[in-house]
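Down below is the structure, laid out as structure tokens.
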Amino acid sequence: MLHFQEFTAPVAAVDDLIGCECGLAFGIDASKLAVKCGRGVRAGLSLSLFHSCGPYDWGGRVSTRAGFSCNEFIADVEDTPMEVWKQFDKNLVSHSAAHHLMAIDRLVRSQGYARVSDTARLLDITKGSVSITVKKLKERDLIKEDKNRFLQLTDQGERVAQSIAARHEVLLALFVDILGQDPEQADIDACKIEHLVSGVTSSFLKQLVLFFRQAESDGDTSLMERFRAFQQSDECHALLAAGEQEDAALKDLL
20 MLHFQEFTAP VAAVDDLIGC ECGLAFGIDA SKLAVKCGRG VRAGLSLSLF
70 HSCGPYDWGG RVSTRAGFSC NEFIADVEDT PMEVWKQFDK NLVSHSAAHH
120 LMAIDRLVRS QGYARVSDTA RLLDITKGSV SITVKKLKER DLIKEDKNRF
170 LQLTDQGERV AQSIAARHEV LLALFVDILG QDPEQADIDA CKIEHLVSGV
220 TSSFLKQLVL FFRQAESDGD TSLMERFRAF QQSDECHALL AAGEQEDAAL
270 KDLL
């Protein structure tokens, strides 16, 4: 069973600092999404995906399937408050920068220091790439560098890193302990979306995991057994098959 990493920094205090390069996080080229959406959109597709990719011009040419109204879809996008779109532009750290923070923190904890070369080796990228990100993080007062060129997180940098790590642990626990996902794949998926989840949503997910854990701790295994039985049921497989057909249709568009 996975355990949460506890920390004292309030999630809400750093919630707005954590960002992402959403197109990369979803494995989708956001710049191509708007262009190819002209060929069709899966009915009922969550608008959160498009929120993540930004306010693109759909040009009124989006065709839809399964009777989903094109005009309704466009209206929903246009009626979305601009504050939602702007949230991603105001984030202090990107998906890549967050990984740099985590790597530096890990190095300092394991060996007592972190250099650009160490960080590049850990992240398996070039020293030049790390240097560029380090400069940006220093400008944002998330890391500091001493006269020996050793890197260290500032207090604010530590809060951001701890918040990201906590969300990662919550997602990992949900995927592995509750959903029964392979731990290695779960870790990869948690890494992809840990920067997208708000502190509030992370708290709700943690409550769900704790609910299942508490039930098992009290000797009540019925909830988990019912869920596992549903996962293996014909009904579940039929629903998944229908969803896979929709996903395949969307993949053709992208």
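Be aware that the sequence shown starts at 20, since it is given in my numbering, and climbs by one per residue.
The C-beta atom is built at its ideal place from N, Cα and C for all residues, glycine as well.
Can you tell me whether DSSP reads residue i as helix, strand or coil?
i, result
"Lys163", "strand"
"Gln251", "coil"
"Gln200", "coil"
"Val216", "coil"
"Glu265", "helix"
By a C-beta neighbour count over all protein chains shown, 10 Å radius and 16 as the cutoff for buried, is residue i buried or exposed?
i, result
"Arg128", "exposed"
"Glu310", "The requested residue 310 does not occur in the structure, where the chain is confined to residues 20 to 273."
"Arg186", "buried"
"Gly176", "buried"
"Leu193", "buried"
"Ala257", "exposed"
"Ile207", "exposed"
"Ser120", "Sequence check: residue 120 is Leu here, not Ser. Looking at its Cβ environment, which holds 16 or more other Cβ atoms inside 10 Å, Leu120 is buried."
"Gln250", "exposed"
"Ala267", "exposed"
"Gln181", "buried"
"Glu203", "exposed"
"Leu156", "buried"
"Ala260", "exposed"
"Glu254", "exposed"
"Ala205", "buried"
"Ala248", "exposed"
"Glu263", "exposed"
"Asp271", "exposed"
Kindly list the residues whose CB is nearer than 8 angstroms to the CB of residue i, restricted to its own chain and excluding five residues on each side of it in sequence; keep chain order.
i, result
"His165", "Contrary to the premise, residue 165 reads as Asp rather than His in this sequence. Once the five neighbours on either side are set aside, the close Cβ partners of Asp165 are Gln171."
"Ser148", "Ala139"
"Phe231", "Asp196, Ile197, Leu242, Met243"
"Ser236", "none"
On the premise that residue j lies in contact with residue i, defined as a C-beta separation below 8 angstroms, what is that separation, rounded to the nearest angstrom?
i, j, result
"Ile14", "Thr145", "As shown, the chain starts at 20 and ends at 273. That puts residue 14 outside it, with no answer to give."
"Val153", "Val179", "With 8 angstroms as the limit, Val153 and Val179 do not qualify as a contact, their Cβ atoms being about 15 angstroms apart."
"Arg162", "Thr173", "A small fix is needed here, since residue 162 is Ile in this sequence, not Arg. Right, their Cβ atoms sit about 6 angstroms apart."
For residue i, which residues from the same chain have a beta carbon less than 6 angstroms from its beta carbon, with the 5 sequence-adjacent residues on both sides left out?
i, result
"Leu142", "Ala122"
"Tyr132", "Phe169"
"Phe246", "none"
"Ser221", "Arg186, Val189"
"Leu126", "Ala133, Asp137"
"Ala234", "Leu242"
"Leu68", "Confidence in Leu68 is poor, its pLDDT being 33 and thus under 50, which makes the residue's placement unreliable; the coordinate value appears in the next sentence. Nothing listed; no residue qualifies."
"Asn167", "none"
Closer than 7 angstroms, CB to CB, is residue i near chain D or not?
i, result
"Ala248", "No chain D appears in this structure, which consists of one protein chain only."
Whose C-beta lies closer than 7 angstroms to the C-beta of residue i among residues of the same chain, with five residues either side of it excluded?
i, result
"Gln200", "Phe194"
"Ser150", "Val135"
"Ala116", "Thr152, Lys155, Leu156"
"Ala209", "His187, Leu190, Leu191, Phe194"
"Glu334", "Residue 334 is absent from the model: the chain starts at 20 and stops at 273."
"His118", "Leu142"
Checklist entry - If we count Cβ pairs, one from each stretch, closer than 8 angstroms, do we get three or more for the stretch 222–234 versus the stretch 181–200? => result Output reads yes: the stretch 181–200 touches the stretch 222–234.
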